[in-house]
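Take a look at the structure set out below.
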Amino acid sequence: MDLTFHPESDFKLLLAVPLIPLCGYLLQIFFGRFLPRKGDWLLTGGMFATMCITLYMFAKAMNHAYSGGGHGGHDEHEALIGFFHESRHTGFKWSWLFQTGEAPDSVRNLTIGLLYDGLGAAMLAVVGVVSFFVHLFSMGYMQGDRRYHIFFANISLFTVAMLGLVLSDNIVFLFIFWEIMGLMSYLLIGHLAQDPTSHRINHAARACKKAFLTTRVGDVCLFIGFMMFFLHYETFFFSELWAQVNADVALNGWQSWHTTAGLFLFGGTVGKSAQFPLHIWLPDAMEGPTPVSAMIHAATMVAAGVFLLGRLYPVLSPEVLGVVTVTGATTAIFAATIGMTVFDIKGVLAYSTISQLGFMVAAIGCGGVGLVAGLWHMVTHAFFKACLFLSAGSVIHGCHHEQDMRKMGGLRKKMPITFACMLICTLAISGVPLFSGFYSKDKIVMASFLSLGHEFNGPALWASIALPAAAAITAFYMFRLIFMTFFGAPRDSHVHEHAHESPWPMTVSLMGLAFLGIFGGHLWLNGDLLGAHGTWWEKLVMNEHNLADLSKMYGGVELQNTYGGAAMDPHGHVAHSAHIWALGVSSFVAALGIFAAWLIYHKKKIDPARITARLGGLYTTVANKYYIDEFVEITVIKSSVVTARFLRWFDENIIDGCVLLVGRINRTLGFIAAWFDKTFVDGLVNFLGTLSNAMGSALRLLQTGRIQQYISFAVAGGLLAAAWLILS
Amino acid sequence: MEHILSWITFIPLIGMTAIICLPKQSVGLIKRVSLVATGIPLILATWLYFQFDPQSVAGGGFAFEEHIPWIKGISANYSVGVDGISLPLIWLTCILLFLGVPASFGIKKSEKAYYALLLLLEVGILGVFISLDYFLFYVFWEIMLLPMYFLIGIWGGPRREYAAIKFFLYTLAGSVLMLIAIISLRLGTGTFSIPEMVNMAQAGLVVGPEFIGLDYSTWVFWFLFVGFAIKIPVFPFHTWLPDAHVQAPTPISVILAGILLKLGGYGLMRGCFPIMPVAFQENAYALGILGVISIVYGSFVALGQTDFKRMVAYSSVSHMGYVLLGTGALTVWGTDGAAMQMFAHGTSSAAMFMVVGVIYDRAHHRDLNGFGGLCQPMPIYWGLTTICFFAALGLPTMSGFIAEALTLLGAFQAGDPRFQVLVLISVIGIVITAAFLLWAIQRVFFGSLNEKYKDYPDMTPREIFCMAPLLFLCLLFGVFPHILLDVMEPSVQHLVTLLSVGK
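Chains as they are written, first to last, in the numbering used here: chain A, 1 to 728; chain B, 729 to 1231.
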């Protein structure tokens, strides 16, 4: 098989990646209900084709990375940075806003192209694979749903958006796909809000609205952020932003607006990747069907925020990175503590997702090794968390839509495949060596240690404490889940009796993802099993093992935001000892967490009720999610509604009142005028009328109609006239 | 196709005459005549839209011009023409009026008069968009007012007379201010021709006497501005809108929101700003503030509504604020965004009023809290409503997104850095808009179904026919914005050049 890059034909393949599911969506939405099996095979088949293309392209990327990039290098740029394609530069381009006249060439236009680099290659493959397995899983899980065909259509359109987001070469298109994902997330969380047979119908209705609005706050921040960057650099393209920002900073240093704009950009991540304090939507989003949770709220959409940080890392100032680290580390430990108190099987996984996203974000904030590790955790997490969710879905399906872990137990024998897959992925998320999660998590811990550096660094210190602690808690609550669900005696005999293993589409999906949960980490492992010399991931995104030089990830741009350990040589003494430390610490905390869970929930040496009683108010606070929902309810939602009600009153009474007042004044003036008119103007007229009337009556006396009288008047008049003439 | 603009404008008048001649009883024929009399202009306008070469008006000027001397004594001419700003709006008018006819088939009260007035309304609206002579412009402006008054006042809801009179008086007040300004412009410049006035304004020749202590350009600017702002409507001149909308029958609300509001924005771009560019520059920031107040205030008041139609009406106030913000910024992007917003809002808000109409026809009330679970009996209705609402809240791939994004980007780049603050405030409106729309969806469509609504029929083919094309246009221009922007761009650029005179 030819695994070298041929940009012209490869772009067509990459274009086909989002277009295949898009066509599937259009067919499904109009004709799905008429197709046999309501068209699920159509979309799943389409996703299979998509997955094959993404894997083929991924193989090309890996081949390129491992062969040193000598082949497809048709221009200097590419030869320098391994492979890094922007289709704008290789022929394919589409003017989006304007196509005729002078505007298309102006800075105001937007040209669309594809960006395919190491990070994109891996993420594209991840989305393709996870999406295919989720489609397959849904064929079993969603069986009997009222709106089966719509569900498939929606999840397919979601995949289109996610694939488009990964391939975008400019931030506007990333934002567009980002928003479409928001819409699909809304519709899929609300899937059961339209099903009268669901007893969670009102919860789902609230949850989807909350998810969309909360992330929209972040989206608006993101928009402001890239607007600020556009104002200064007049470009939306990632590669141009990287180059221009860093060239500018090299000359003039970081400006304060860089930090402001960077914080706004990070706001997008906080919303989409459910970071504190905008994480509140994600636990509620579990109202969506489980495949949706696996796909959107674990593997792909929430990872988009992390992906965004990966794309925009070069434009974030050191101050922003500090905030990123603190936010991530705080989220990691904060969500992990809540995860310990939740009894809903999907709820545990939801908080676990928030916590793991916190790991990724914190790592990226650490810079350098952390950036690479954080992005890698995004990849490995996608596999094992999707698998965990799907396994949970399988359990829920097997237990006839029971989600409370307190009613489960002893399911190991009833659902062996589900159990095995879930155990593998639990080991992976806990960071047990040789499972995929270990490699990335180990690197994250190492990055936080590395960025401690030689002088005091608050964010790094916090990350170095919070992340290992969160890792221990992760291992604890994940094994708590395993022990409560699969081990021990059945707590609810009714649930247990009716439990059964899931049909083949579901188990096959689980096994596929569990396989990646193990081997996703040491695929093409280099040298040692512990990954000290780097793994396929570094090879792919960096194209070499020099972790000190991140410029290889960003088109050869000399990065200016050296923060924490970015400048450290990973092969040097400091890095080596940091890695040893990280290895020790992460293995130790994983073992500690697992041991504690085993002691409490399997051996039952310690009664969890006693611990919670001892903790008292602290436990209640954590179990109530630190009352953040209540806080937001009061401060944001209530205040908005009160403002709205007040402004409505203001509008109807004050503004419209003024208008009506003007109207009333005019009407009153009208009445006064009418009265005046009637009394005076008309009075005068009437007076004149009366007067002339009276005069007429008086004169009438003279007009008697008798000739003699007229003659005598005439004679008298004539005499009077003659007398006057004579006298004068 | 020599007099194509006149044909487009006056074919509905021929239709109206035909309807007047028909007997009152032949309702079917009246409807068919109305369809034809609105359909032919739509075909012609569509042809015109794709025939139009935007580059031909790149440096100013107009296409498809006609000049006929009219009233010689006051040198008022019948001169018409289009550029990239008016042409999309003409097209939109023809689309909405054509869809307005089948949307009116539910009306069962003196159809003959109704359709005759509807066609007269179309003549008035199209006339305003094609006029290049201020006298002609004003005549059409007033022609349009009259049928609207009767359409609300006769076929409206329970408080129709109040609403109609409020609408009429409010608009008339604006017209009076406008008339004073137009007369003084005629006296000052010696012409009614808008292009000539614009040319004179470029040379700084539009001068005149002071009035109530304000210099000429300021008072003429504000008189014209208020006249048009009432139509947009801009805070605080907006309170006629919710009353008119709530009382008007559905198709009239559609036309009111879809086009009549655009006349205000169009009037500012054609007849106010370019004639008074200096006063515009002096007051640009104030206009931006008014725009942002409209955006944020409108969305909050909409959030506080319990009446479905009032909510949609206030969302119009909010969305039309972008038109002011975009033009006030005096950047090409901002003005592009404003021009696009007029079209985008024309389609999305028209569709939203149809959404309200569909449910009102079935339930005979509009209380948002009185519904629930309607997506179960009416899945098509729910689907189209969702598309419509997401178009209104500016989801990417919908034309509203392009318009709002361009407006905000343009305003953010404005030469006046204070506009950046305005943009930061206006985004509150974006979030609140999403909030009230999604809340409405939740209250109307989600949750458990009220037994009363269990047997509601889904949308009829007629209703789908009225709404779907609008949503298709929202999507079309959201995915392929160049179809609109290419036509607008040269004229917008010219407009910005005109407005930047002396800068």
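Just so it is clear, CB atoms sit at the ideal spot from N, CA and C, and this is done for glycine as well. None of these values were measured; they are calculated from a predicted model.
Does DSSP put residue i in a helix, in a strand, or in coil?
| i | result |
| --- | --- |
| B/GLY809 | strand |
| A/THR111 | strand |
| A/ALA590 | helix |
| B/ASN1178 | coil |
| B/LEU989 | helix |
| B/ASP1186 | coil |
| B/LEU1165 | helix |
| A/PHE237 | strand |
| A/ASP651 | helix |
| A/LEU434 | coil |
| A/SER106 | coil |
| A/SER138 | helix |
| B/ASP861 | strand |
| B/SER1257 | The structure shown does not extend to residue 1257 of chain B, since chain B is modelled only from 729 through 1231, so no value can be given for it. |
| B/SER1228 | coil |
Let me make sure I understand the geometry here. Which of the options has the alpha-carbon closest to that of residue i?
| i | options | result |
| --- | --- | --- |
| B/VAL1155 | B/PHE895, B/ALA1072 and B/LEU1053 | B/LEU1053 |
| B/THR745 | B/SER762, B/PRO1105 and B/LEU824 | B/SER762 |
| B/LEU969 | B/PRO977, B/LEU984 and B/MET1106 | B/LEU984 |
| B/TYR1144 | B/VAL1083, B/SER981, B/LYS1231 and B/THR1188 | The question names Tyr, yet the displayed sequence has Asp at residue 1144 of chain B. Answer by Cα proximity: B/LYS1231. |
| B/ALA1168 | B/LEU1096, B/TRP798, B/PHE1081 and B/PRO1218 | B/LEU1096 |
| B/ILE747 | B/SER838, B/LEU1058 and B/LEU864 | B/SER838 |
| B/LEU1152 | B/ALA1163, B/LEU1018, B/ALA1139 and B/THR1161 | B/ALA1139 |
| A/TRP536 | A/SER67, A/PHE137 and A/GLY24 | A/SER67 |
| A/LEU461 | A/ALA447, A/GLY670 and A/PHE595 | A/ALA447 |
| A/PHE476 | A/ALA590, A/GLY718, A/PRO503 and A/PHE676 | A/ALA590 |
| A/PRO318 | A/ARG200, A/ASN246 and A/LEU213 | A/ASN246 |
| B/GLY1283 | B/GLY999, B/GLN1069, B/ILE922 and B/LEU874 | Residue 1283 of chain B cannot be examined here, being either before or after the span of chain B that is shown, 729 to 1231. |
Spatial neighbours of residue i within its chain, please: C-beta separation below 7 Å, excluding the five flanking residues on both sides.
| i | result |
| --- | --- |
| A/LEU22 | VAL160 |
| A/VAL715 | none |
| A/LEU332 | Residue 332 of chain A is actually Ala in this sequence, not Leu. Cβ neighbours of A/ALA332 beyond the five flanking positions: SER355, GLY358, PHE359, ALA362, ALA466, LEU467 and ALA470. |
Tell me residue i's beta-bridge partners as DSSP assigns them.
| i | result |
| --- | --- |
| A/HIS203 | Note: A/HIS203 sits in no beta bridge, so no partner. |
| A/TYR116 | A/HIS85 |
| B/HIS795 | B/SER807 |
| A/TRP94 | A/ILE112 |
| A/LEU371 | Its beta-bridge partners do not exist; DSSP assigns none. |
| A/ASN170 | A/PHE237 |
| A/ASP404 | A/ASP344 |
| B/LEU942 | B/PHE939 |
| B/ASP1095 | B/ASP1035 |
Sorted by chain position, which residues of the same chain lie with C-beta nearer than 6 Å to residue i's C-beta, five sequence neighbours on each side aside?
| i | result |
| --- | --- |
| B/GLY992 | PHE956, LYS959 and ILE960 |
| B/THR1125 | GLY1206 and VAL1207 |
| A/LYS443 | ALA373 |
| A/MET764 | Residue numbering for chain A in the displayed model covers 1 to 728; residue 764 of chain A lies beyond these limits and cannot be assessed. |
| B/SER832 | PRO979 |
| A/GLY72 | Unreliable positioning characterises A/GLY72 in this predicted model, as indicated by a pLDDT of 42, which lies under 50. A coordinate reading is not provided. |
Given residue i, which residues of its chain have a CB within under 8 Å of its CB, disregarding the five upstream and five downstream residues?
| i | result |
| --- | --- |
| A/PHE132 | THR44, MET47, PHE48, THR50 and MET51 |
| A/ILE396 | THR290, ILE345, LYS346, GLU402 and GLN403 |
Evaluate contact between the segment 851-864 of chain B and the segment 892-905 of chain B, counting only Cβ atoms and requiring at least three cross-stretch pairs below 8 Å. no
Pairs of beta-carbons, one from the segment 299-307 of chain A and one from the segment 245-255 of chain A, closer than 8 Å: are there three or more? no
With a cut-off of 8 Å, do at least 3 Cβ pairs link the segment 149-156 of chain A to the segment 105-120 of chain A? no
Pair every Cβ in the segment 327-340 of chain A with every Cβ in the segment 185-198 of chain A, then say whether three or more of these pairs are closer than 8 Å. no
Within 8 Å, do at least three Cβ pairs link the segment 662-671 of chain A to the segment 1049-1064 of chain B? Taking a cut-off of 8 Å on C-beta distances, the segment 1049-1064 of chain B does not touch the segment 662-671 of chain A, as fewer than three cross pairs fall below it.
Measuring CB atoms only, is the segment 847-856 of chain B touching the segment 731-738 of chain B, in the sense that at least three cross pairs come out at less than 8 Å? yes
Would you check if there are 3 or more beta carbon pairs closer than 8 Å linking the segment 1178-1198 of chain B to the segment 1091-1110 of chain B? yes
Sufficient close CB pairs (3 or more, under 8 Å) joining the segment 225-242 of chain A to the segment 265-281 of chain A: These segments touch.
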